[in-house]
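Asks:
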Amino acid sequence: MKRCYVAQAEEKIGTKAYPQVLEQLKENGGLISPSLIIFSSDNANFGWYSRMLSNSFPAATVVGMTSNVMYSPQGVIRNGLSVMAITDGISVSSGVLFEVSRYPSRSADSISQALEKIEQDNTICLEFNASVDSCEEIIMDTFHDVMGDSSVQLCGCTAAAAQNPDRPSAVSLNGILYMDACVFVMIHNEAGRIGIIKENMFKMTGHFFVATDVDCDARRVYEFDHKTATSAVANALKVPEDELAVNSFFHPMGRLEKDDLGIIAVREQSEDGSMRFFSRIYNQTRVVLLDPIDPVEDVWNDTTARVHELVPDPSFCFVINCFLRTKYFVENDKMGDYNRSLTSFYPDYIGVSGYGEQFDYRHLNQTMLILAFE
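The end of the sequence shown is residue 478 by my numbering, with every number in the run present.
1) Helix, strand or coil: which one does DSSP assign to Asn293?
2) Alpha carbon to alpha carbon, how far is Met251 from Arg466?
3) Report the option in Asn425, Asp395, Arg384 and Pro418 whose CA atom is closest to the CA atom of Trp404.
4) Assuming Leu258 and Glu220 make a contact with CB atoms under 8 Å, what is their CB distance in whole Å?
5) Run through DSSP, which three-state label would Thr332 get?
6) Using alpha carbons as the reference points, say which of Lys342, Thr170 and Phe381 lies closest to Arg324.
7) Quick test of the definition: if touching needs 3 or more C-beta pairs under 8 Å, does the segment 269-285 touch the segment 163-175?
8) Taking all protein chains shown into account, do 16 or more other C-beta atoms lie within 10 angstroms of the C-beta of Asn147, making it buried, or fewer, making it exposed?
9) Using the Cα positions of Arg206 and Val370, report the straight-line distance between them to the nearest angstrom.
10) Determine the burial state of Phe354: buried for a count of at least 16 other Cβ atoms within 10 Å of its Cβ, exposed for fewer.
11) For a minimum of 4 consecutive residues, which ranges assigned as the alpha helix (DSSP H) are wholly contained in the segment 228-306?
12) With 16 other CB atoms within 10 Å as the buried threshold, where does Gln112 fall?
13) Output the distance between the C-alpha atoms of Leu126 and Ser254, rounded to the nearest integer angstrom.
14) Looking at the secondary structure, which residues open and close the beta strand (DSSP E) in which Phe382 lies?
15) Looking at the secondary structure, which residues open and close the beta strand (DSSP E) in which His467 lies?
16) May I have the straight-line CA-CA distance separating Tyr442 from Val200, to the nearest angstrom?
17) Contact between the segment 377-395 and the segment 333-345 is defined here as three or more beta-carbon pairs at a separation below 8 Å; is this criterion met?
18) Using the rule of at least 16 other Cβ atoms within 10 Å of the residue's Cβ for burial, across every protein chain shown, is Ala295 buried or exposed?
19) Please report how far the alpha carbon of Phe312 lies from the alpha carbon of Ile222, in whole angstroms.
20) Quick one: Cα of Lys307 to Cα of Asp398, how far?
21) Alpha carbons only, please: which of Thr408, Asp192, Thr389 and Phe288 is nearest the one belonging to Ser198?
22) Just the C-alpha distance for Met472 and Val173, rounded to the nearest angstrom, thanks.
23) By the 10 Å Cβ neighbour count, where 16 or more other Cβ atoms means buried, how is Pro356 classified, buried or exposed?
24) Going straight from the alpha carbon of Asp317 to that of Arg359, what length do you get?
25) Enumerate in chain order the residues of its own chain whose CB-to-CB distance from Asn183 is below 7 Å, with the five nearest sequence positions on each side excluded.
26) Here's the rule I'm using: 16 or more other beta-carbon atoms within 10 Å means buried, otherwise exposed. How should Cys327 be labelled?
27) Can you grab the Cα-Cα spacing for the pair Ile141 / Pro344, in whole Å?
28) How is the alpha helix (DSSP H) around Pro451 delimited, first residue to last?
29) So, with DSSP's three-state summary, where would you put Gly310?
30) Counting C-beta neighbours from all protein chains within 10 Å, is the total for Gln217 16 or more, i.e. buried, or is it exposed?
31) DSSP on Asp213, reduced to helix/strand/coil?
32) Which of the three DSSP states is assigned to Ser445 in this structure?
33) Within a Cβ cutoff of 8 Å, which residues of the same chain sit near Pro272, ignoring the five residues on either side of it in sequence?
34) Write down the C-beta distance between Ile367 and Gln470 rounded to the nearest angstrom, noting that I regard them as a contact closer than 8 Å.
35) Applying the 10 Å Cβ sphere with the 16-neighbour rule, what's the burial state of Pro418?
36) Could you pull the DSSP bridge partners for Ile368 from this structure?
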């Protein structure tokens with residue numbers, strides 16, 4: 105029996121997609137017996153898929169999130185269901201943080217309980233949180249308070265709202281759907297290491313700013329270096345302020361922490377000269393304006409080299425890609441090339457597209473994470 109099975113079906117109607125996926129999760133005519141299932145789907149059928157997977161595989165921990173794009177060696181899809189089922193060589197524990205938009209620390213005991221149940225060497229904590237506005241930083245603080253001194257690495261993703269605005273983003277654990285929560289699973293790899301490799305498509309410019317007037321809760325910066333945020337950034341880019349919005353994807357902000365660059369994407373600019381971001385910029389924080397790396401294919405090749413340096417022979421991978429990167433790849437006809445690049449280097453994998461990435465207790469944007477299991 106294989107160690108990892110990947111299944112995917114592109115159908116808007118769940119009753120058609122699910123049987124196709126189930127058929128791919130069979131060996132010798134019978135269903136496999138996984139320890140862990142990680143899945144993603146469109147939000148229209150997400151709750152139903154969650155229940156069906158838990159019913160079909162009652163012995164497995166089943167964790168999932170809504171995604172606006174899913175991908176695997178079978179291709180790139182916008183609707184349907186994508187599943188990774190791991191059958192051998194891992195042990196898991198799991199839990200839920202509730203009320204993440206207000207008070208996730210109220211349920212922090214679920215983290216410590218899950219941590220006590222699992223061996224900590226070669227272990228990661230994978231979390232999915234529903235995209236409740238501006239909740240990621242307090243979720244990260246909650247995890248750090250409990251497990252910051254452990255050897256377990258934290259990584260995760262904010263669920264995307266996908267195509268249906270009447271059905272918001274959601275996450276699930278063991279057949280139960282949550283909308284103001286963070287679900288997590290701690291995964292111990294009994295067969296070797298777990299490498300987490302972070303990729304960004306940007307490099308630093310020479311333009312540094314200090315945030316001098318901010319609203320952290322709203323993720324809004326009113327001033328950089330005591331000038332309106334839009335005028336400071338527009339002046340650095342040498343573009344008129346009314347043209348700044350069209351340049352914002354290609355010029356996010358970067359924050360250096362421990363010599364590591366974290367990306368902060370621009371969400372919108374306002375008539376009062378302020379700028380709102382997808383991650384918090386704290387008062388008196390020094391940030392740097394970023395430029396895209398061209399060609400992006402060089403970035404992909406460099407990431408692959410770093411993956412194989414850390415985990416020379418990965419058994420399977422889970423890939424987290426930012427929605428803004430996905431949008432860029434789609435609009436520039438590179439999504440297929442991106443997925444073919446992954447397919448050429450990694451055996452079994454599935455990928456999700458979310459509204460933010462979390463790594464090392466930080467909330468990031470416009471970033472890719474590859475979780476490679478030895």
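Positions of the beta carbon are idealized from the N, C-alpha and C atoms, including for glycine.
Replies: Quick look at the numbers:
1) Strand, per DSSP.
2) 14 Å
3) Comparing Cα-Cα distances from Trp404 to each of Asn425, Asp395, Arg384 and Pro418, the minimum goes to Asn425.
4) Not confirmed; about 17 Å, so no contact.
5) Residue state, collapsed to three classes: strand.
6) For the options Lys342, Thr170 and Phe381, the alpha carbon positioned closest to that of Arg324 is the one of Phe381.
7) yes
8) buried
9) 24 Å
10) exposed
11) With a minimum length of 4 residues, the unbroken runs of alpha helix (DSSP H) contained wholly in the segment 228-306 fall at 240-251.
12) buried
13) 37 Å
14) Here Phe382 belongs to no beta strand (DSSP E), and DSSP marks it neither H nor E.
15) Note, His467: beta strand (DSSP E), Arg466 to Leu468.
16) 33 Å
17) Verdict: yes, contact present.
18) exposed
19) 43 Å
20) 10 Å
21) Phe288
22) 14 Å
23) Burial call: buried.
24) 17 Å
25) Glu114, Glu115, Lys116 and Asp146
26) In the sequence on display, residue 327 carries Glu and not Cys. Of the residues assessed, Glu327 falls on the buried side of the cut-off, its CB having 16 or more other CB atoms within 10 angstroms.
27) 49 Å
28) From DSSP, Pro451 is part of no alpha helix (DSSP H); its letter is neither H nor E.
29) strand
30) exposed
31) Here DSSP, grouped into helix, strand and coil, assigns Asp213 to helix.
32) If DSSP states are grouped into helix, strand and coil, Ser445 belongs with the helices.
33) If we look at Pro272 and ignore the five residues flanking it on each side, its Cβ neighbours are Asn147, Ala234, Ser235, Ala265 and Met283.
34) Rounded to whole angstroms, the Cβ separation of Ile367 and Gln470 is 5 Å, and the two are in contact under 8 Å.
35) buried
36) Answer by DSSP bridge pairing, in chain order: Met357.
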